[in-house]
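Remarks on the structure that follows.
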Amino acid sequence: MTQPARHAAMLSISNSGPNTMAGEKQQSTQHMHTQSQPSQGLRVPSNRKTIYDRHLNRSRSAELSRASFAFLFAEMVTYAQRRVTGIQDLERRLNEQGYPLGLRLLDLLYYRTMSSSTSSSLSSSSTSASPPNRPLRILPLLHLIHGPLWRLLFNRPADALEHSVSPETPNEYMITDNDPLVNTYISVPKEMSMLNCAAFVAGIIEGVCDGCGFEAKVTAHNQPTEMWPGRTIFLLRFGESVMEREKVLERAGVK
Amino acid sequence: MAVFSLIIINKAGGLVYQREFQPGLRKLSTNDYLVLAGTFHGVHAITRSITPKLPLAAIPNPPITPTTATTPSPNIASPSSTSTPTPSSSSASAGGYTYPNPGVPATGLESLETDKFRLTCFQTLTGTKFLLFTEPTMANIDVVMKKIYELYADFVMKNPFYQLEMPVRCEAFDRNLQGWLRGRA
Amino acid sequence: MVVYSFYIFDRHAECIYKRRWLPRPVSTVGSKSSRPTSEASAPGLPATLGQSARTTDDDAKLIFGTVFSLRNMARKLGGEDDNFVTYRTSQYKLHYYETPTNIKFVMLTDLKSPSMRVALQQIYINLYVEYVVKNPLSPVEHPGGIGVNNELFEESLEQFVTRVLS
């Protein structure tokens, strides 16, 4: 799949349905439409303050009902299931639902990590440096996903971050979530045991990677253990161009 | 304190879930369980319909003067019953009867006891029935029942792969139910 | 504690005796108002109080069907030696006792009543055996309630329910 096509598709989606994702992830798309939206078509409260007038950090510590998210996500899976040819197709659709979300979420993530790093001066640096600039190398990007992105989405960091041990696949990285929020209430039927609905989250990660300029394919895989029956591995495969750039940057000493 | 097994019956009387937790009851074939669910569904409806009806006026009142016909009705109570029955809207038109426990809607069978086990039936407002088989001496069954309903609402109703009214095959429901019951025992 | 009704079913699944106790409104009875009064009991006779004859007849059939199904269910799950004892709804309790000769005694009471298993057994041993089985004028089978609806049995049942149970 080529990158430009994907962006184009995403833009068309965002134009046709600007509000579809808005409620789910803390109104992440607000700023995209601030200038283009006159009062018509948008419900304006009596005090003339729309959600676009609110401060972006307002919903920073806000919480969403887990039940309503569970029902919404269940409907999203049901929707994606229509007319699919197989499990791969279904996972691809879920991935595509998450992709634009990741792309848009990135701006909010930058905005918030920057404002927090300036105000609280890197107090929460459990996952190494939370970068004030956009990540240029792979490792800072992975830390951004593992820490701040996961905290923004799920209110906790991911459980593990690994690099592929195989010499043939140096471009593969793995992020582990022991109990993905999206899969909490989902039991996948036996005949679809390969399916992991966290493909949606994989799509978000892919969107974040793409938005940072790291072309990548992200997939979700089941890896249950006795303790964690829902353990999921997100496999990030970076593209050739990314790996080449990585080598150049390494020689140049860019961190 | 043993919970023997759980059965869930959908609103049409079909068996959608059956699981054994502890041995104690005889094992039935799948077909027998299906029959049992259907039978119980019918019996449950009948037990509601044979609720004793207490007449509001023992002699069907021919048109007498309205004062004698209307005034006594609030005083009617079964001899040892402490609450005063309030004539329901339906009973007034049907010539006057009240249920023994006015104010509480008449339900079907809620609990059944035998020498070996106790069956507790909880019917949700949507018509699904949960049948819990426990030891006859077990206390606080309603707590167990409430938790089961909660787990059902979570892991069955929120599962995108569950089709309504169809057999429940949700591994997460099984796992959480089993885990919770084991934690209690 | 209030007893609403009492039924006996023979081994042919026929209702051979039924009796209902209906609390009377204060206004119509006067002096006897505090005690439940019983209704005419012979099957087939139209009931005079409250319900029509059709519904009391049907009730007996429905009750038999219910206890028969539940008894079978109890045996299927609990084993052949298990006995269905009682069930409860939000409105009433049904008590069940079955003799070794397959005669079934059923009693409907209010929710406050304790287990009536012993009471039903007493009715069987002290009243049914004494006044129906041992009665030389009573036939072996009781189609339509013949032989059960004798004065001694009915009187003593009335006494048992009103004096002993309430």
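Chains as they are written, first to last, in UniProt numbering: chain S, 1 to 255; chain V, 1 to 185; chain X, 1 to 166. All residues carry an ideal CB built from backbone N, CA and C; glycine is no exception.
Contact set between residue i and chain X, taken where Cβ atoms lie within less than 7 Å
i	result
Lys-129(V)	The premise fails here: Lys-129(V) is roughly 13 Å from chain X at the closest Cβ pair, so nothing lies under 7 Å.
Cβ of residue i within 8 Å of any chain V Cβ
i	result
Tyr-185(S)	yes
Glu-82(X)	Inspection of the sequence shows that residue 82(X) is occupied by Asp rather than by Glu. Yes, Asp-82(X) lies at the interface with chain V (some Cβ there is under 8 Å from its Cβ).
Phe-71(S)	yes
Ile-63(X)	yes
Ala-62(S)	no
Val-164(X)	no
Glu-24(S)	In this predicted model, Glu-24(S) has a pLDDT of only 43, less than 50, meaning its place in the structure is not dependable; the value taken from the coordinates is given anyway. It does not: the Cβ of Glu-24(S) has no partner Cβ on chain V nearer than 8 Å.
Ala-74(S)	yes
Ser-138(X)	no
Ser-156(X)	no
Tyr-17(X)	no
Val-85(X)	yes
Leu-152(X)	no
Arg-11(X)	no
Leu-22(X)	yes
Leu-108(X)	yes
Gln-159(X)	no
Contacts that residue i makes with chain V (C-beta to C-beta distance below 9 Å)
i	result
Ala-119(X)	Per Cβ cutoff of 9 Å: no residues; Ala-119(X) is ~16 Å from chain V at best.
Thr-78(S)	Pro-160 and Phe-161
Gly-147(X)	Within chain V, no residue comes near Gly-147(X); the closest Cβ sits about 26 Å away, beyond 9 Å.
Leu-111(X)	Pro-100 and Asn-101
8 Å Cβ cutoff, residue i in contact with chain S
i	result
Asp-154(V)	yes
Ala-172(V)	yes
Under 7 Å by beta carbon: chain S residues contacting residue i
i	result
Arg-169(V)	Pro-189
Arg-184(V)	Simply none; closest approach about 20 Å.
Arg-175(V)	Pro-229
Under 8 Å by beta carbon: chain X residues contacting residue i
i	result
Pro-23(V)	Those do not exist, as Pro-23(V) stays about 12 Å from chain X at its closest Cβ, beyond 8 Å.
Ser-49(V)	Leu-62
Leu-28(V)	Lys-76 and Leu-77
Contact list for residue i against chain X, beta-carbon separation under 9 Å
i	result
Val-43(V)	Gly-65, Thr-66, Ser-69, Leu-70 and Met-73
Leu-36(V)	Met-73, Lys-76 and Leu-77
Under 8 Å by beta carbon: chain V residues contacting residue i
i	result
Gln-91(X)	Thr-51, Pro-52, Tyr-99, Pro-100, Asn-101, Val-104, Ala-106 and Thr-107
Asp-59(X)	Ile-50
Tyr-124(X)	Within chain V, no residue comes near Tyr-124(X); the closest Cβ sits about 18 Å away, beyond 8 Å.
Below-8 Å beta-carbon distance, residue i vs any chain X residue
i	result
Arg-19(V)	no
Ile-9(V)	no
Thr-39(V)	yes
Val-125(V)	According to the sequence as given, residue 125(V) is Leu; it is not Val. Output row for Leu-125(V): interface = no.
Ile-148(V)	no
Leu-6(V)	no
Leu-15(V)	no
Leu-164(V)	no
Ser-80(V)	For Ser-80(V), the predicted structure reports a pLDDT of 39, less than 50, and the residue's modelled location is therefore unreliable. A value from the coordinates is still provided. With 8 Å as the cut-off, Ser-80(V) counts as an interface residue toward chain X.
Neighbouring residues, chain V, relative to residue i (Cβ below 7 Å)
i	result
Tyr-4(X)	Pro-52
Exercise. Is there contact between the segment 166-185 of chain V and the segment 11-29 of chain V, where contact requires at least three CB pairs shorter than 8 Å?
Worked result: Yes, the segment 166-185 of chain V touches the segment 11-29 of chain V.
For this session: Evaluate the contact criterion for the segment 98-109 of chain X versus the segment 128-148 of chain V: three or more CB pairs, one atom per stretch, below 8 Å.
Result: No, the segment 98-109 of chain X is not in contact with the segment 128-148 of chain V.
Exercise. Can you list, in chain order, the residues of the segment 92-120 of chain V whose Cβ is nearer than 9 Å to any Cβ on chain X?
Worked result: Close to chain X, meaning a Cβ-Cβ distance shorter than 9 Å, are the following residues of the segment 92-120 of chain V: Gly-95, Gly-96, Tyr-97, Tyr-99, Pro-100, Asn-101, Val-104, Pro-105, Ala-106, Thr-107, Gly-108, Leu-109, Glu-110, Ser-111, Leu-112, Glu-113, Thr-114, Asp-115, Lys-116, Phe-117 and Leu-119.
For this session: Pair every Cβ in the segment 149-160 of chain X with every Cβ in the segment 111-127 of chain X, then say whether three or more of these pairs are closer than 8 Å.
Result: Touching, per the Cβ criterion.
Exercise. Using 8 Å as the Cβ pair cut-off and three pairs as the minimum, do the segment 124-138 of chain V and the segment 47-55 of chain S touch?
Worked result: Output reads no: the segment 47-55 of chain S does not touch the segment 124-138 of chain V.
Exercise. Is there contact here, the segment 97-116 of chain S with the segment 198-205 of chain S, by at least three beta-carbon pairs under 8 Å?
Worked result: Touching, yes.
Exercise. Which full runs of the alpha helix (DSSP H) of 4+ residues lie inside the segment 147-227 of chain S, going along the chain?
Worked result: Secondary structure remark: continuous alpha helix (DSSP H) runs of at least 4 residues inside the segment 147-227 of chain S, in chain order: 150-154 and 199-211.
Exercise. Taking three-plus beta-carbon pairs below 8 Å as touching, is the segment 135-145 of chain X in contact with the segment 5-21 of chain X?
Worked result: Segment contact: the segment 135-145 of chain X against the segment 5-21 of chain X, three or more CB-CB distances shorter than 8 Å; contact assigned.
Exercise. Between the segment 227-245 of chain S and the segment 94-105 of chain V, do at least 3 Cβ pairs fall closer than 8 Å?
Worked result: Counting Cβ pairs under 8 Å, fewer than three are found: no touch.
For this session: Scan the segment 3-29 of chain V and note each continuous beta strand (DSSP E) run of 3 residues or more that stays entirely inside, going in chain order.
Result: The beta strand (DSSP E) runs lying completely inside the segment 3-29 of chain V and spanning 3 residues or more are 3-9 and 15-20, given in chain order.
For this session: Could you run through the segment 131-144 of chain V and flag, in chain order, every residue whose CB is less than 8 Å away from some CB of chain X?
Result: Taking 8 Å as the Cβ-Cβ cut-off against chain X, the residues of the segment 131-144 of chain V that qualify are Phe-133.
Exercise. What alpha helix (DSSP H) runs, 4 residues minimum, are completely inside the segment 56-138 of chain X?
Worked result: Counting only runs of at least 4 residues, the segment 56-138 of chain X fully encloses the following alpha helix (DSSP H) elements, listed from N- to C-terminal order: 117-122.
Problem set entry | Given 8 Å, three or more beta-carbon pairs between the segment 88-104 of chain X and the segment 158-174 of chain V | By the Cβ criterion, the segment 88-104 of chain X is not in contact with the segment 158-174 of chain V, since fewer than three pairs of Cβ atoms, one from each stretch, lie closer than 8 Å.
Exercise. Pairing CB atoms from the segment 210-222 of chain S with CB atoms from the segment 191-200 of chain S, are three or more of them under 8 Å?
Worked result: Flag = yes, the segment 210-222 of chain S and the segment 191-200 of chain S touch.
Exercise. Okay, do the segment 245-255 of chain S and the segment 179-193 of chain S touch, 3+ Cβ pairs below 8 Å being the bar?
Worked result: No: fewer than three Cβ pairs fall under 8 Å.
Exercise. Which ranges would you report for the alpha helix (DSSP H) in the segment 53-107 of chain S if only whole runs of at least 4 residues count?
Worked result: Those alpha helix (DSSP H) runs which fall completely within the segment 53-107 of chain S and span 4+ residues are 66-81.
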